[in-house]
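Right, one structure below, let's go through it.
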Amino acid sequence: MSARRTLRTLILAAIASPWLADAGAAPDARGTAEAVVRVYGARAMGVKGWFAVHTWVAVKPSGATAYTVYEVIGWRLRWSDSALVVRNRQPDAPWFGSAPELYAEKRGRGVDELIKRIDKAARDYPYAGEYTLWPGPNSNTFTAWIARHVPELELDLPATAIGKDYLGSTVLSTAPSGSGFQFSLGGLLGIAVSGVEGLEVNLLGLSFGVGPSGVKLPLL
Numbered sequence: 508m509s510a511r512r513t514l515r516t517l518i519l520a521a522i523a524s525p526w527l528a529d530a531g532a533a534p535d536a537r538g539t540a541e542a543v544v545r546v547y548g549a550r551a552m553g554v555k556g557w558f559a560v561h562t563w564v565a566v567k568p569s570g571a572t573a574y575t576v577y578e579v580i581g582w583r584l585r586w587s588d589s590a591l592v593v594r595n596r597q598p599d600a601p602w603f604g605s606a607p608e609l610y611a612e613k614r615g616r617g618v619d620e621l622i623k624r625i626d627k628a629a630r631d632y633p634y635a636g637e638y639t640l641w642p643g644p645n646s647n648t649f650t651a652w653i654a655r656h657v658p659e660l661e662l663d664l665p666a667t668a669i670g671k672d673y674l675g676s677t678v679l680s681t682a683p684s685g686s687g688f689q690f691s692l693g694g695l696l697g698i699a700v701s702g703v704e705g706l707e708v709n710l711l712g713l714s715f716g717v718g719p720s721g722v723k724l725p726l727l
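Taking the numbering used here, the leading residue of the sequence shown gets 508, the next gets one more, and so forth.
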């Protein structure tokens with residue numbers, strides 16, 4: 508068996524392991540008729556977890572009996588031309604032993620339309636074929652891309668969501684929440700101001716700031 512196939516087998520086995528067991532926080536899909544959108548993050552694996560989180564978006568349309576999760580997983584590029592993963596799975600499962608944290612939730616009326624826009628934005632993600640741990644594009648770049656296209660989520664990603672400020676060749680955009688404005692040089696240096704994030708300064712991919720959620724510091 509090739510090294511690549513062995514690695515893939517080990518990763519898929521880990522994904523199916525108790526490390527990714529149901530954390531039990533999301534509304535039960537079978538018992539919840541209304542539409543639900545939830546955005547989660549959990550500490551990255553290994554040493555990376557000291558500095559950064561992995562984020563994902565989970566949706567359940569009205570009447571659906573399962574959640575669909577949208578996320579970018581960099582190691583998929585070892586055997587695929589896309590790091591984007593769209594699949595049915597429990598939305599609040601730990602990420603390789605790290606408990607997830609809920610960053611945003613929308614439920615009920617109007618959420619089905621948000622889900623359609625999330626799906627379109629995910630499939631239009633321009634960096635699906637590339638992945639760079641720092642400063643991006645990575646899983647947090649993807650989640651910020653979704654939030655910029657669906658500002659109704661009012662998503663305030665934490666300072667540990669390294670990659671959220673990556674804009675590619677663009678230097679001006681809205682803040683990751685899709686509101687306000689942001690200036691960013693390759694995700695390494697910039698500033699963002701919005702009613703959701705407050706004021707954030709990005710230095711070498713690390714965020715410092717203050718906003719409605721409080722003081723934001725790297726590593727916290």
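A virtual CB, placed ideally from N, CA and C, is assigned to each residue, including glycine.
In whole angstroms, what separates the C-alpha of residue i from that of residue j?
i	j	result
GLY604	GLY705	31 Å
LEU710	ILE622	33 Å
GLU707	ILE698	6 Å
THR681	HIS561	21 Å
PRO768	ASN595	Limits of the chain in this structure are 508 at one end and 727 at the other, which puts residue 768 out of reach.
VAL722	TRP652	23 Å
ARG585	GLY548	23 Å
GLY685	VAL554	30 Å
PRO633	VAL618	24 Å
Measure the beta-carbon distance from residue i to residue j and round it to whole angstroms, keeping in mind my assumption that it falls under 8 Å.
i	j	result
LEU662	ALA611	4 Å
TRP563	TYR574	Not a contact, Cβ separation roughly 11 Å.
PHE693	TYR673	Note on residue identity: the sequence assigns Gly, not Phe, to residue 693. Yes, they are in contact, since the Cβ atoms of GLY693 and TYR673 sit about 7 Å apart, within 8 Å.
THR495	ALA536	The first residue shown for the chain is 508 and the last is 727, placing residue 495 beyond what the model contains.
PHE558	LEU726	6 Å
SER714	ALA666	4 Å
Going by CA-CA distance only, name the one from the options that's closest to residue i.
i	options	result
PRO642	GLY670, THR650, TRP582 and ARG655	GLY670
ASP626	VAL657, MET552 and GLN689	VAL657
PRO598	THR648, GLU608 and SER589	GLU608
Does residue i have its Cβ less than 8 Å from a Cβ in chain B?
i	result
LEU674	Going by chain labels, chain B is absent from the structure shown, which holds only one protein chain.
Write down every uninterrupted run of the alpha helix (DSSP H) in the region 553–604 whose length is 4 residues or greater and which is fully enclosed by it, in chain order. Complete alpha helix (DSSP H) runs here, min 4: none at all.
Hey, which unbroken runs of the beta strand (DSSP E) at 3 residues or more fall wholly within the region 627–651? Counting whole runs of 3 or more residues, the region 627–651 contains no beta strand (DSSP E) stretch at all.
Touch check for the region 565–575 and the region 536–555: three-plus C-beta pairs under 8 Å? Yes: the two stretches touch, three or more of their Cβ pairs being nearer than 8 Å.
Just list the alpha helix (DSSP H) runs in the region 676–702, keeping only unbroken ones of 4 residues or longer that don't cross its boundaries, in chain order. If we require 4 residues or more, the region 676–702 turns out to have no alpha helix (DSSP H) run fully inside it.
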